[in-house]
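K.L.:
Questions regarding the structure given below will be posed in turn.
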Amino acid sequence: MNGPPEPFKIKMIEHVNMPDQKKRSQVIREAGYNTFLLKSEDVYIDLLTDSGTSAMSDYQWSGLLLGDEAYAGSRNFYNLERAVQDILNYRWIVPTHQGRGAEHLMYSYLVKPGQIVPRNMYFTTSRLHVELPGGKMVDAIINEAHDPENLHPFKGNLDLKKLQGYIDEYGIDKIAFVNVEMNVNMAGGQPVSMENLRKLREFCDEYKLKIIIDATRSSENAFFIRDREKGYEDIPIVDILREMMSYSDGCIYSAKKDCLVNIGGFLATNNEDIYEHCRNMVVIYEGLHTYGGMAGRDMEAVARGLRESTSYAYLKYRINQVHYLGDLLIKAGVPIVRPIGGHAVFLNALKFLPHLTREQWPAQTLAATIYEDSAVRSMERGAVSKGRDKETGENIFPLLELVRLTIPRRVYTNTHMEYTAESIIRLYEKREAIPGLKMVYEPKYLRFFQSRFEKIK
Ligand code: P70
46 MNGPPEPFKI
56 KMIEHVNMPD
66 QKKRSQVIRE
76 AGYNTFLLKS
86 EDVYIDLLTD
96 SGTSAMSDYQ
106 WSGLLLGDEA
116 YAGSRNFYNL
126 ERAVQDILNY
136 RWIVPTHQGR
146 GAEHLMYSYL
156 VKPGQIVPRN
166 MYFTTSRLHV
176 ELPGGKMVDA
186 IINEAHDPEN
196 LHPFKGNLDL
206 KKLQGYIDEY
216 GIDKIAFVNV
226 EMNVNMAGGQ
236 PVSMENLRKL
246 REFCDEYKLK
256 IIIDATRSSE
266 NAFFIRDREK
276 GYEDIPIVDI
286 LREMMSYSDG
296 CIYSAKKDCL
306 VNIGGFLATN
316 NEDIYEHCRN
326 MVVIYEGLHT
336 YGGMAGRDME
346 AVARGLREST
356 SYAYLKYRIN
366 QVHYLGDLLI
376 KAGVPIVRPI
386 GGHAVFLNAL
396 KFLPHLTREQ
406 WPAQTLAATI
416 YEDSAVRSME
426 RGAVSKGRDK
436 ETGENIFPLL
446 ELVRLTIPRR
456 VYTNTHMEYT
466 AESIIRLYEK
476 REAIPGLKMV
486 YEPKYLRFFQ
496 SRFEKIK
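For reference, each letter of the sequence shown is one residue, going 46 to 502 in this note's numbering.
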């Protein structure tokens, strides 16, 4: 058997379409070879993202009917507050419509113009919310994370020597805070170890630096700590999460991932100043501090989902499914990021399509080609996502030029994984015949969402 069986059964299904070859070629051309611009009804298996795409449990769905839609003081807010206190061990929470709402409130308070924010690899929205108040995000992840084949078990770890280097170079006053992402998305879903968090806390205490966690995929990170780190083998996921968060001054959380909901987010902290400021700001940008852009029913689903995400049986099944897909590809020799991460399998497009130049956008090309072959939708995570250098205006070509096959939680079966793997293996066998793309439209912000391409003849 391929890992543990699902710790649930299916109660309701959603029909999906399988467009034929002619239709697939037509719609991907019309979408400017950008998978973000495809209509969902033209997608058979949607691996664009694990964000907001999970299947909720009957316990979560039933919670929706208990939504208290009062403008102020909804009971569901207090349920969410209690869940965050119990599981993440923070005293105060400010709800937001989704993760970037929390990033906006937290980072616009903590970042002053000219300051830098070291982080274990950038994330697109996080970097933008550091830049908008005049800051700059700088990379502080260990070098192993930039090598798709390095098998380090905690490739999300921060490099304290790099942090020291930034302090020496910029001066301590120029560091706004240290940002730690759990199960680092852009590195391939790679975890941070507890030992690294502990050492980081000691390091930051010496300099009185704040640590803010991007806790978006923290339950999955906790699973890897239990599975890979000595001394945590038998520790409940909740206890691991509480310890992880105890090394921080606060977190932002996109509930659309590990909390198993379609919409929602929050920030949480034990720092009274951060709480006071964000609770003030939330009413300007999101909504009253007891709903922050979410309906009461959404907050209930987040509260219940956060609790469900701490089930070890669920996490084991979840991460095992991601690894099932990755292992099928490894067996066929397809180049992917290793170790296989928590939420997605990342194809190494530079190795998959070595005949393309970086300006022919190998990852964008591969994502479009996979759709054309099988109606499986994936996402570019390379130079198009990385964008341009703010000072020079030139394209930045990161070492990682990847296609992300992101697995929604509790949605697809292993047969769907096999179908996906077969398409990619088929393409790998005829990879030399795959032509590149040229960019014909580029928006100013977060260009990967809306840029358009044409096939190079
Ligand atoms: C994804 C999504 C969202 C995200 C995240 C981390 C580590 C914050 C957020 C923002 C959605 C996405 C966003 C931008 C580009 C592509 C995809 N990640 N921190 O698919 O949260 O979306 O709720 O505002 O991964 O990885 P939210």
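Note that the Cβ used here is the ideal one computed from N, Cα and C, for glycine as well.
Whole angstroms are fine: how far does the CA of S153 sit from the CA of N316?
P.N.:
Those two C-alpha atoms are separated by around 16 angstroms.
K.L.:
Starting from the Cα of P25, find the closest Cα among A412, E436, V156 and give me that residue.
P.N.:
This structure leaves residue 25 out entirely; the chain is present only between 46 and 502.
K.L.:
Roughly how far, in whole angstroms, is the beta-carbon of N241 from the beta-carbon of F269, given that I think they are within contact range, below 8 angstroms?
P.N.:
Rounded, the Cβ-Cβ distance is 12 angstroms, inconsistent with contact.
K.L.:
For a minimum of 3 consecutive residues, which ranges assigned as the beta strand (DSSP E) are wholly contained in the segment 176-259?
P.N.:
181-184, 223-226, 256-259
K.L.:
Within the chosen definition, does the segment 448-462 reach the segment 358-374 through at least 3 CB pairs nearer than 8 angstroms?
P.N.:
yes
K.L.:
Here's the rule: buried if 16 or more other CB atoms are within 10 angstroms of the residue's CB, otherwise exposed. What is L444?
P.N.:
exposed
K.L.:
Is I387 near the ligand P70, in the sense that its beta carbon is under 6 angstroms from a heavy atom of that ligand?
P.N.:
The identity of residue 387 in the sequence shown is Gly, whereas the question assumes Ile. No.
K.L.:
If distances are taken between C-alpha atoms only, which option among Y277, A300, T410, T414 comes closest to R454?
P.N.:
A300
K.L.:
Where are the alpha helix (DSSP H) runs, 4 residues long or more, that stay fully inside the segment 329-370, in chain order?
P.N.:
Assignment of alpha helix (DSSP H) within the segment 329-370, counting only whole runs of 4 or more residues, yields 341-353 in chain order.
K.L.:
Given that a residue counts as buried once 16 or more other Cβ atoms are within 10 Å of its Cβ, and exposed if not, what is G146?
P.N.:
buried
K.L.:
From H388 to H174, what distance separates their C-alpha atoms?
P.N.:
23 angstroms
K.L.:
On the three-state DSSP scale, how would you describe N79?
P.N.:
coil
K.L.:
How about R492 and V88: are their beta carbons less than 7 angstroms apart?
P.N.:
no
K.L.:
Just grab the DSSP bridge partners of G310 for me.
P.N.:
Partner(s): T141, S299.
K.L.:
Is R363 near the ligand P70, going by C-beta to nearest heavy atom under 6 angstroms?
P.N.:
no
K.L.:
In the DSSP assignment, what residue or residues form a beta bridge with R273?
P.N.:
In DSSP, R273 forms no bridge with anything.
K.L.:
Can you say whether D279 is buried or exposed, counting buried as having 16 or more other CB atoms within 10 angstroms of its CB?
P.N.:
Label assigned to D279: exposed.
K.L.:
Looking at K207 and R262, is the spacing between their C-beta atoms short of 7 angstroms?
P.N.:
no
K.L.:
Please indicate yes or no: does the CB of F168 lie closer than 6 angstroms to some heavy atom of the ligand P70?
P.N.:
For the ligand P70, at least one heavy atom lies less than 6 angstroms from the Cβ of F168.
K.L.:
Rounded to whole angstroms, what's the CA-CA distance from Q366 to E214? Just pull it up for me.
P.N.:
43 angstroms
K.L.:
How far does the beta strand (DSSP E) with P163 in it reach, from first residue to last?
P.N.:
161-164
K.L.:
Kindly indicate the opening and closing residues of the alpha helix (DSSP H) around V448.
P.N.:
Where V448 is concerned, there is no enclosing alpha helix (DSSP H), although the beta strand (DSSP E) it sits in stretches over 447-451.
K.L.:
Which term fits H60, buried or exposed, when burial requires 16 or more other beta carbons within 10 angstroms of its beta carbon?
P.N.:
exposed
K.L.:
Along the chain, where does the alpha helix (DSSP H) that runs through Y416 open and close?
P.N.:
407-419
K.L.:
Are the CB atoms of I258 and S291 within a distance shorter than 7 angstroms?
P.N.:
no
K.L.:
In three-state DSSP terms, what is F268?
P.N.:
helix
K.L.:
With H, G and I counted as helix, E and B as strand and the rest as coil, what does DSSP make of D372?
P.N.:
helix
K.L.:
Could you pull the start and end residues of the alpha helix (DSSP H) that L286 belongs to?
P.N.:
282-291
K.L.:
Short check: CB of L305 to CB of G337, under 7 angstroms?
P.N.:
no
K.L.:
What does F391 pair with, by DSSP beta-bridge criteria?
P.N.:
R449
K.L.:
For S107, is the classification buried or exposed, using 16 other Cβ atoms within 10 angstroms of its Cβ as the cut-off for buried?
P.N.:
exposed
K.L.:
For V485, count the other beta carbons within 10 Å of its own beta carbon; 16 or more makes it buried, fewer makes it exposed. Which is it?
P.N.:
exposed
K.L.:
Quick one: what's K68 bridged to in DSSP?
P.N.:
Residue pairing by DSSP places K68 in no beta bridge whatsoever.
K.L.:
Could you give the DSSP three-state label for L133: helix, strand or coil?
P.N.:
helix
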